[in-house]
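> Residue numbers (the working numbering), protein chains in the order written: chain A, -8 to 330; chain B, -8 to 330. Glycine is no exception: its CB is placed at the ideal position from the N, C-alpha and C atoms. In this text the structure is predicted, and so the values were computed from the model without any measurement.
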DNA sequence: ACAAGGTTTTGGAGCGTTCCAATTTTCCTG
DNA sequence: CAGGAAAATTGGAACGCTCCAAAACCTTGT
């Protein structure tokens, strides 16, 4: 209908025969209006196709309905291949909640924190979603000190807990993998993990150990460590095979690939001779031959929860920190197939 | 120094002993000021740590310095695993140019185009970067009709050319792969591609054919087609091996993995018995055993060019469409290693 | 010294919204 | 049916910036 230029609050007001403020209220506090007035205003909004102008709102309210996400350069081996799914989920959830995601190229982790402050000052970004919060990451402390709301995807593994987080229960993931392998009849189930000291890695190791204990299975001598690199993992796996492992639970798909290589060296086939399970369900997992059973993180849920927690904090800045721990799920494929 | 509240233009002006407008000019058209005035204003800006408030600028100028990027759910097999690198490059280039990237969850491709209009109306997004512009994608036409600036990563393969684009010369990529294989002594070099009809796929096929022709090598019978799925590719590859191929150039890493499987079925080893090259240099490529030679797209450059073209168009909306074609580079690994 | 012409600086309005305080209307209760 | 409190609505200012047009300031040339 309306063809030219922007429709403003005032135009809607004129059309509905009320003041601009009333239209604003119709949008922001509808319960202030008398039902019939509300109805009339809503019709005018509908008819004109009015949409509020975010910049004007931001200027007045100091809230942009923007969520900042610092995008880090993807380190080759890590969980990077899977982060695009998270990011999509984040964007979708934010959109659904009437917010949007502002992407920025995060400067080298935890340095140059001013970038966060600038986003708040310049754009009135409401809060941030952090990922890759490893040990020694100072972002949480810094943001808290500056009263900037945030949620982290990933727990804080050391030091004082700060702020809200959403995380995936890695232990539950490896536990499920062990459970699956036990059902298939395995007893000597090894764990191929990263060097101790990384919170995420230790968590995944703990899940394995606990599941082994629960089933009364020995874990001694069945744990090997390697950097997140197939070749290091290949070498480490050899030791596990020597120790008589019939199954290997790896802390990442990259490590699992190393296990594949170790098996190949001895003319063994994953899934037939020795079972292998990975972690992350990266795109590579289903492309491997045989397909790699892998623990998939519920990234859509993580994205949704991140948004939920962040918006919650925005609404109530002083409430106690909230934590959400989600359970991942094993995707069985041929690598643990026939036993 | 300054501790409380926001620093505004007016404060800076007061401090420098000039009018607010002059400070604005110092920022936006410095050449209007007398050098000594400029100096004085800049010092005041420095001293106060002033940063312009984007919402206020946006409200006045109708430009948000925001670039919209519609993030699509990643279809498993495609180039998705590599798009995070592009996105990071995009964000980095945008940031460097004083812009930012606004992420939104794009509704199913080329439907619900109103989402783009809304972003323009609500947020004053300056323009968009499109990806995954396949055949029949109506976004370009729609955006042009609505006078919304955009750049596409990806050419238009059919119909009238619309707007600016940046793309990677797929033909040059497969050509380079053939070149590499010829140097290694191969003569029966096959192409494993997607079914005809996709612009990208046909382009990659053309590069192979052209390189073969240039070297006087026969290509007849050496081309197979399969959907972008390892198993379909495995089957298709069998035919190529029967035709005596000693090397396979694949249109994607996913297809190349299918070739690996076909070789494994015959107890052949990629790189030793038959050479295999992929396309995209996805994370999986270097994890495969043996490592997969693959054509890597210069995604950082693509991101940078996208921003450059888009900003160019914003500055000069009526100029003729500009196109940038970048050359990818083969990353040789063991799969084409020994011959 | 003064007008003409250019360069540099300024005041005021306005972008579209929401805040705040004040005003009007409505609904009770006595 | 007056009086008062609660509910609903309104007018004006303000958020921080840039546009526009007008004013002040320099140079020159005569």
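With a threshold of 6 Å on Cβ separation, who are the neighbours of residue 158 of chain B within its own chain once the five nearest residues in sequence on each side are excluded?
Translated into positions along the second chain, residue 158 of chain B becomes position 167. Excluding sequence neighbours, residue 158 of chain B sits near 145, 146, 316.
> Within the same chain, show all residues whose beta-carbon is closer than 6 Å to that of residue 165 of chain B, passing over the 5 residues directly before and after it, in chain order.
Numbered from 1 along the second chain, position 174 holds the residue referred to as residue 165 of chain B. Taken in chain order, the residues that qualify are 195, 198, 199, 240.
> For residue -2 of chain B and residue 40 of chain B, which I take to be in contact (beta-carbon distance under 8 Å), what is that distance rounded to the nearest angstrom?
Position 7 of the second chain, counted from the start, is the residue given in the question as residue -2 of chain B. Position 49 of the second chain, counted from the start, is the residue given in the question as residue 40 of chain B. At roughly 6 Å, the Cβ-Cβ gap stays under 8 Å, so residue -2 of chain B and residue 40 of chain B are in contact.
> What does the Cβ neighbour count give for residue 266 of chain B, buried or exposed, with the cut at 16 atoms within 10 Å?
As a first step, residue 266 of chain B must be located in the second chain, where it is residue number 275. So residue 266 of chain B ends up on the buried side.
> With a threshold of 7 Å between beta carbons, is residue 233 of chain B in contact with chain A?
For the purposes of this step, residue 233 of chain B is identified with residue 242 of the second chain, where counting begins at 1. It does not; no Cβ of chain A falls within 7 Å.
> Are at least three pairs of beta-carbons, each pair with one atom in the segment 171 to 185 of chain A and one in the segment 227 to 246 of chain A, less than 8 Å apart?
Result yes; three or more Cβ-Cβ pairs closer than 8 Å.
> With 8 Å as the limit, tell me which residues of the segment 18 to 47 of chain B have their beta carbon closer than that to any beta carbon of chain A; keep them in chain order.
Answer set for the segment 18 to 47 of chain B: 42, 43, 44, 45, 46, 47.
> Report the residue ranges of all alpha helix (DSSP H) runs contained in full by the segment 198 to 277 of chain A; include only those spanning at least 4 residues, in chain order.
Qualifying alpha helix (DSSP H) stretches, in chain order: 221 to 233, 244 to 256.
> So, under 8 Å CB-CB, residue 75 of chain B and residue 74 of chain A are touching, yes? Tell me the CB distance rounded to an integer number of Å.
Indexing the second chain from 1 puts residue 75 of chain B at position 84. Indexing the first chain from 1 puts residue 74 of chain A at position 83. Indeed they touch by this definition, with Cβ atoms about 6 Å apart.
> Using a C-beta to C-beta distance shorter than 7 Å, which residues of chain B count as neighbours of residue 209 of chain A?
As a working mapping, residue 209 of chain A is identified with position 218 in the first chain. Here the premise fails: no neighbours, minimum Cβ distance about 31 Å.
> Pull up the CB-CB distance for residue 319 of chain A and residue 289 of chain A, whole angstroms please, since I reckon it's below 8 Å.
By one-based count along the first chain, residue 319 of chain A stands at place 328. By one-based count along the first chain, residue 289 of chain A stands at place 298. The Cβ separation is near 6 Å, so the contact holds.
> Between residue 46 of chain B and residue 115 of chain A, how many whole angstroms is the CB-CB distance? I'm expecting something under 8 Å.
Working through the second chain from its first residue, we reach residue 46 of chain B at position 55. Working through the first chain from its first residue, we reach residue 115 of chain A at position 124. With 8 Å as the limit, residue 46 of chain B and residue 115 of chain A qualify as a contact, their Cβ atoms being about 6 Å apart.
> Where does residue 113 of chain B fall in DSSP's three states?
Counting from one through the second chain, the residue named residue 113 of chain B turns up at place 122. Helix, per DSSP.
> Rounding to the nearest angstrom, what Cα-Cα distance links residue 118 of chain A and residue 160 of chain B in this structure?
In the first chain, residue 118 of chain A corresponds to position 127, counting from 1. In the second chain, residue 160 of chain B corresponds to position 169, counting from 1. In a straight line, the C-alpha of residue 118 of chain A is about 40 Å away from that of residue 160 of chain B.
> Please list, in chain order, all residues of the same chain as residue 302 of chain A whose beta carbon is under 7 Å from its beta carbon, the five residues on each side excluded.
As a position in the first chain, residue 302 of chain A is number 311, starting the count at 1. Excluding residues within five positions, the ones whose Cβ falls inside 7 Å are 88.
> Counting pairs of beta carbons, one from the segment 200 to 216 of chain B and one from the segment 250 to 260 of chain B, are three or more of them closer than 8 Å?
No contact exists between the segment 200 to 216 of chain B and the segment 250 to 260 of chain B.
> Excluding five sequence neighbours on each side, which residues of the same chain lie with their C-beta closer than 6 Å to the C-beta of residue 215 of chain B?
Locating residue 215 of chain B in the second chain gives position 224, counting from the first residue. Contacts found: 183, 227, 230, 231.
> By Cβ distance, which residues of its chain are closer than 8 Å to residue 126 of chain A, with the 5 residues on each side in sequence left out?
Indexing the first chain from 1 puts residue 126 of chain A at position 135. Here the set comprises 148, 149, 188, 189, 190.
> Where do the ends of the beta strand (DSSP E) carrying residue 122 of chain B lie?
Taking the first residue of the second chain as 1, we reach residue 122 of chain B at position 131. Start and end: 118 to 122.
> Inspect the beta-carbon positions of residue 273 of chain A and residue 326 of chain A and report whether they are closer than 7 Å.
Taking the first residue of the first chain as 1, we reach residue 273 of chain A at position 282. Taking the first residue of the first chain as 1, we reach residue 326 of chain A at position 335. Cβ distance not < 7 Å, so residue 273 of chain A and residue 326 of chain A don't count as in contact.
> Name the one or two DSSP bridge partners that residue 159 of chain B has.
Taking the second chain and counting its residues from 1, one reaches residue 159 of chain B at position 168. Paired residues: B/317.
> Which one of A/38, A/55, A/35, A/37 has the shortest CA to CA distance from residue 44 of chain A?
Taking the first chain and counting its residues from 1, the one referred to as residue 44 of chain A is at position 53. Closest by alpha carbon: A/55.
> Short of 8 Å in beta carbon distance, which residues of its chain neighbour residue 212 of chain A, apart from the five on each side in sequence? Order them along the chain.
For this step, residue 212 of chain A is matched to residue 221 along the first chain. Excluding positions up to five away in sequence, the list reads 234.
> Mind pulling the chain B residues with CB within less than 7 Å of residue 92 of chain A?
For the purposes of this step, residue 92 of chain A is taken as the residue at position 101 of the first chain. Result: 94.
> Just how far apart, CA to CA, sit residue 224 of chain A and residue 268 of chain A?
Counting from one through the first chain, the residue named residue 224 of chain A turns up at place 233. Counting from one through the first chain, the residue named residue 268 of chain A turns up at place 277. So the alpha carbons of these two residues sit roughly 13 Å apart.
> Return the CA-CA distance between residue 261 of chain B and residue 270 of chain B, expressed in angstroms with no decimal places.
The residue you call residue 261 of chain B lines up with position 270 of the second chain. The residue you call residue 270 of chain B lines up with position 279 of the second chain. In a straight line, the C-alpha of residue 261 of chain B is about 16 Å away from that of residue 270 of chain B.
> By Cβ distance, which residues of its chain are closer than 8 Å to residue 139 of chain B, with the 5 residues on each side in sequence left out?
Here residue 139 of chain B refers to the residue found at position 148 when the second chain is read from its first residue. For residue 139 of chain B, where only same-chain residues beyond five positions count, the Cβ hits under 8 Å are 107, 108, 111, 118, 119.
> From residue 52 of chain B to residue 14 of chain B, what distance separates their C-alpha atoms?
Taking the second chain and counting its residues from 1, one reaches residue 52 of chain B at position 61. Taking the second chain and counting its residues from 1, one reaches residue 14 of chain B at position 23. Going by the C-alpha atoms only, they are around 16 Å apart.
> Assuming residue 154 of chain A and residue 131 of chain A form a contact by the criterion Cβ under 8 Å, report the distance between their Cβ atoms to the nearest whole angstrom.
Position 163 of the first chain, counting from 1, holds the residue named residue 154 of chain A. Position 140 of the first chain, counting from 1, holds the residue named residue 131 of chain A. Confirmed, Cβ separation roughly 5 Å.
> Against residue 79 of chain A, what residues of chain B qualify as contacts under a CB-to-CB distance less than 8 Å, listed in chain order?
On the first chain, position 88 is the one that residue 79 of chain A refers to. In chain order: 62, 63, 64, 65, 96.
> List, in order along the chain, the chain A residues whose C-beta lies closer than 7 Å to that of residue 326 of chain B?
Counting from 1 along the second chain, the entry for residue 326 of chain B is found at position 335. Those within 7 Å of residue 326 of chain B in chain A number zero; the least Cβ separation is about 14 Å.
> Are the beta-carbon atoms of residue 143 of chain B and residue 133 of chain B separated by less than 7 Å?
Start at 1 with the first residue of the second chain, and residue 143 of chain B comes out as number 152. Start at 1 with the first residue of the second chain, and residue 133 of chain B comes out as number 142. No, they are not a contact pair.
> Measure the C-alpha to C-alpha separation of residue 263 of chain B and residue 246 of chain A and round it to an integer number of angstroms.
In the second chain, the residue the question calls residue 263 of chain B occupies position 272. In the first chain, the residue the question calls residue 246 of chain A occupies position 255. Each residue's Cα considered, the two are about 25 Å apart.
> Going along chain A, which residues have a C-beta under 7 Å from residue 219 of chain B?
As a working mapping, residue 219 of chain B is identified with position 228 in the second chain. Residues of chain A passing the Cβ test: none, with the nearest at roughly 11 Å.
> Does the Cβ of residue 311 of chain B have 16 or more other Cβ atoms within 10 Å, making it buried, or fewer, making it exposed?
Numbered from its first residue, the second chain carries residue 311 of chain B at position 320. Per the 10 Å Cβ criterion, exposed.
> In this structure, how does DSSP classify residue 3 of chain B when only helix, strand and coil are distinguished?
As a working note, residue 3 of chain B is residue 12 in the second chain. Reduced to three states, the DSSP call for residue 3 of chain B is helix.
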